[in-house]
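Below is one structure, written out as structure tokens; comments come after it.
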Amino acid sequence: MTRGLQKMQARANAEKRAAANAPPKSQLKAMAEGNKFKCPVCMLMIANYKLVVQHMESKHPKAAIPPESSFGAQK
Ligand SMILES: [Zn+2]
Numbered sequence: 001m002t003r004g005l006q007k008m009q010a011r012a013n014a015e016k017r018a019a020a021n022a023p024p025k026s027q028l029k030a031m032a033e034g035n036k037f038k039c040p041v042c043m044l045m046i047a048n049y050k051l052v053v054q055h056m057e058s059k060h061p062k063a064a065i066p067p068e069s070s071f072g073a074q075k
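Residue numbers for the sequence shown follow the UniProt record's numbering, so the first one is 1 and each next one is one higher.
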């Protein structure tokens with residue numbers, strides 16, 4: 001019985017260490033929120049509206065650039 005308990009404790013410690021080495025969740029969230037802009041033509045994820053405009057002008061010069069407010073609704 002005690003051996004099983006030690007095994008459980010060892011696993012719990014290993015999980016704690018793994019959690020300490022893993023990047024904080026807030027960073028993942030920031031990364032997910034960082035790419036809320038998406039090119040409406042090629043669906044490329046883009047970090048901010050300025051880059052969307054740059055991307056549209058260079059890659060899709062014939063496409064209309066959507067206003068920044070149209071991206072805010074996509075959540
Ligand atoms: Zn594009």
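Heads up, the beta-carbon is just placed ideally off N, CA and C, and yes, glycines get one too. Since the structure is predicted, the reported quantities are computational estimates derived from the model, not experimental observations.
Residue i classed as buried or exposed, judged by whether at least 16 other C-beta atoms fall within 10 angstroms
i: glutamine 74; result: Because glutamine 74 sits at a pLDDT of 45, beneath the cut-off of 50, its placement in the model cannot be relied upon, and the following sentence gives the value as read from the coordinates. Flag for glutamine 74 reads exposed.
i: methionine 8; result: exposed
i: residue 92; result: Only positions 1 to 75 of the chain appear in this structure, which leaves residue 92 out of reach.
Residue nearest to residue i in terms of C-alpha spacing, selected from the options
i: lysine 62; options: Pro40, Glu15, Asn21, Gly4; result: Pro40
i: lysine 59; options: Arg3, Phe37, Cys42, Ala22; result: Cys42
i: lysine 38; options: Ser69, Lys16, Ala18, Glu15; result: Ser69
Span of the alpha helix (DSSP H) around residue i
i: glutamate 57; result: 49 to 59
Opposing strand residues paired with residue i [DSSP bridges]
i: isoleucine 46; result: Phe37
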